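Working notes, structure below.
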Amino acid sequence: GENVEQHPSTLSVQEGDSAVIKCTYSDSASNYFPWYKQELGKGPQLIIDIRSNVGEKKDQRIAVTLNKTAKHFSLHITETQPEDSAVYFCAARSSGNTPLVFGKGTRLSVIA
Amino acid sequence: DTAVSQTPKYLVTQMGNDKSIKCEQNLGHDTMYWYKQDSKKFLKIMFSYNNKELIINETVPNRFSPKSPDKAHLNLHINSLELGDSAVYFCASSQVNSPLHFGNGTRLTVT
């Protein structure tokens with residue numbers, strides 16, 4: 499089955515700097531890669547996703563890149579703000595009915 | 012108008028008890044899930060239901076039994092609770108090829 503590795507497990511950045519979180523996946527059939535943000539006491543919320551027919555996607559300060567050949571994808575957050583502090587999860591899925599497999603999460607701290 | 016709602020938010024109980032967690036979604040999604048998040052924040056799929064039918068049952072003790080009375084509800088019943096069952100349980104829903112929507116979780120503490 500699919501296995502998703504996520505690095506780093508913790509990340510501290512100064513406000514205004516960029517943050518990058520990287521994930522690798524094992525199943526070459528995976529074609530959907532979402533990123534979730536989990537704030538304290540809440541459920542994970544989708545912040546951006548990318549499908550395998552696209553190499554990059556951007557939404558304001560957030561971007562995701564996908565390298566299908568290397569089977570890795572990354573989340574980029576620019577101009578970080580304290581409210582970006584949270585746990586971020588990457589995930590992968592191979593077909594519409596299979597469940598998402600999550601990475602182990604990255605705790606991002608943005609220091610004001 | 013919460014999309015995926017689960018109750019209770021907190022559940023504290025003793026070992027050996029039986030408890031249930033309820034989940035409802037008002038998004039019209041066909042598929043619902045239960046995920047378990049352990050103390051290290053690792054999210055792992057437990058069950059998946061599509062239109063009230065069980066389609067995924069990962070390696071979960073048979074003390075855990077999901078029940079789906081209709082496609083908008085997926086409840087989780089746990090028998091003979093053990094200390095290791097302490098975790099946050101998340102309900103989620105989706106349509107085929109669409110993003111997963113999570114509830115806010117139920118923190119289960121077994122003492």
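In order, the protein sequence lines correspond to chains H and G.
Position 104 (the first sequence) corresponds to 602 in the numbering used here; numbering is contiguous.
Position 104 (the second sequence) corresponds to 115 in the numbering used here; numbering is contiguous.
We put the CB at the ideal spot given by N, CA and C, even for glycine.
Only a predicted model underlies this, so the values are computations on that prediction, with no experimental measurement involved.
Proximal residues, the segment 577-590 of chain H versus chain G, C-beta separation under 7 Å: V585 and F587
Reducing DSSP to helix, strand and coil, say where H:P532 ends up. strand
Quick check: H:P597 and G:I67, are their CB atoms within less than 8 Å of each other? yes
Please report the residue range of the beta strand (DSSP E) in which H:K520 lies. A517 to Y523
For a contact defined as C-beta to C-beta under 9 Å, what are the partners of G:K63 on chain H? Within 9 Å Cβ-Cβ: nothing; G:K63 doesn't reach chain H, min ~15 Å.
Beta-carbon of H:L509 versus every beta-carbon of chain G: anything under 8 Å? no
Just checking: is the beta-carbon of G:G95 within a distance shorter than 8 Å of some beta-carbon in chain H? no
Does the beta-carbon distance from H:H574 to H:C521 come in below 8 Å? no
Contact criterion: CB-CB distance below 8 Å. Does H:D547 meet it with respect to chain G? yes
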